[in-house]
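Peer 1:
There are 2 protein chains.
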Amino acid sequence: MSPSKSDLPQGTLDLLILKVIALGPVHGYAIAQRLEQVSRGVVQVPEGSLYPALHRLENRGLLAADWKETETGREAKFYRLTRKGSQQLKTEAADWQRLIDAISLILGMADRGAQ
Amino acid sequence: MSPSKSDLPQGTLDLLILKVIALGPVHGYAIAQRLEQVSRGVVQVPEGSLYPALHRLENRGLLAADWKETETGREAKFYRLTRKGSQQLKTEAADWQRLIDAISLILGMADRGAQ
DNA sequence: TGTTAATACATAGAAGAACGAGGTATACGC
DNA sequence: GCGTATACCTCGTTCTTCTATGTATTAACA
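Protein chains in written order, with the working numbering: chain A, 800 to 914; chain B, 800 to 914.
1) Express the C-alpha separation of V825 (chain A) and G907 (chain A) in angstroms, rounding to a whole number.
2) Residues in its own chain within less than 8 Å of W895 (chain A) by CB, not counting five upstream and five downstream?
3) Work out the CA separation of L861 (chain A) and S885 (chain A) for me, nearest whole Å.
4) How should S903 (chain B) be labelled, buried or exposed, when 16 other C-beta atoms within 10 angstroms of its C-beta is the threshold for buried?
5) Could you check if Q887 (chain A) is buried or exposed, using at least 16 other CB atoms within 10 Å of its CB as the buried criterion?
6) Quick one: residues in its chain with C-beta nearer than 8 Å to the C-beta of E891 (chain A), no 5 flanking neighbours on either side, listed in chain order?
7) At which residues does the beta strand (DSSP E) containing D865 (chain A) begin and terminate?
8) So V842 (chain B) and L834 (chain B) are supposed to be a Cβ contact under 8 Å. How far apart are they, rounded?
9) Could you round the C-beta distance between A864 (chain A) and K876 (chain A) to whole angstroms and report it? I think they count as a contact, below 8 Å.
10) Would you list the residues sitting across from H826 (chain B) in a DSSP beta bridge?
11) Please find out if some non-hydrogen atom of the ligand SAH comes closer than 7 Å to the beta-carbon of Q832 (chain A).
12) Going by the beta-carbon positions, is the gap between R879 (chain B) and I830 (chain B) smaller than 8 Å?
13) Name, please, each residue of chain B whose Cβ falls closer than 9 Å to the Cβ of R859 (chain A).
14) Expressed to the nearest angstrom, what Euclidean distance is found between the alpha-carbon atoms of Q809 (chain A) and V844 (chain B)?
15) Rounded to whole angstroms, what's the CA-CA distance from I905 (chain B) to L807 (chain A)? Just pull it up for me.
16) Whole angstroms are fine: how far does the CA of E868 (chain B) sit from the CA of S788 (chain B)?
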């Protein structure tokens with residue numbers, strides 16, 4: 800009974816990825832799992848969105864990656880934030896907050912009075 | 800001194816438009832103004848985004864329009880919600896809330912200890 | 001041993017949204 | 001008469017997202 804798949808608004812994925820990586824080095828596959836778990840299934844990131852996003856962020860110099868072994872003995876690409884990525888996260892998180900506050904104002908408009 | 804232009808995440812514009820129209824019939828130009836005013840300048844909708852969005856919503860049967868005169872005696876296209884549009888607004892607003900709650904959980908993750 | 005599922009990466013192609021730039025036309029103030 | 005604000009519109013580019021597809025390894029299980 801899928802609790803309604805909620806497509807992530809464009810641009811938001813980058814922010815969420817940066818946030819998860821900020822908590823400590825993780826590999827891509829784990830990022831998607833983390834996002835789904837923490838959001839209780841609301842945020843679901845298809846691999847076709849995830850990996851391009853990671854490459855994008857790496858190309859922009861916000862992420863750096865190293866191949867390492869996971870606990871289960873498999874090779875995986877572990878990402879970490881660059882200094883630039885750290886700043887970007889800060890900026891984007893603030894932008895996001897300002898934006899949802901603004902949208903809350905709009906969605907909170909009561910439809911009564913003189914139209 | 801532009802208070803940092805916040806590009807609206809894709810998909811969000813439709814929701815905001817539906818909300819403004821739900822408050823009473825308005826024409827396109829006024830919708831953009833209303834959004835900017837209520838959001839205190841955070842949400843800015845360029846006409847190149849606004850009108851295509853309105854046409855999109857109309858084509859999907861969520862909006863209906865009539866040409867009328869404004870208070871200032873000019874012809875303008877006044878939009879109103881169809882029944883379907885009203886339902887869509889309800890759904891999308893709920894989806895939006897669920898989503899930002901989920902994202903808040905993610906952004907609120909503290910980077911200490913065992914996750 | 002075979003086969004299925006989960007892990008872990010990747011890309012190509014299509015679809016869709018957003019935006020800048022351009023265009024039309026009317027009303028109002030000066 | 002001219003500039004500005006109002007009010008509409010669309011074309012083309014750019015970017016993100018997603019579906020589908022592919023590779024390879026490990027673990028479980030019959």
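Glycine is no exception: its CB is placed at the ideal position from the N, C-alpha and C atoms.
Since the model is a prediction, treat every value here as computed from it, not as a measurement.
Peer 2: Taking the geometry as given:
1) 38 Å
2) T811 and L814
3) 7 Å
4) exposed
5) buried
6) D813, L814 and L817
7) L862 to E868
8) 5 Å
9) 5 Å
10) B:F877
11) Ligands in the displayed structure: none, and consequently the ligand SAH is not present.
12) no
13) Simply none; closest approach about 16 Å.
14) 16 Å
15) 13 Å
16) Since the first and last residues shown for chain B are 800 and 914, residue 788 (chain B) lies out of range.
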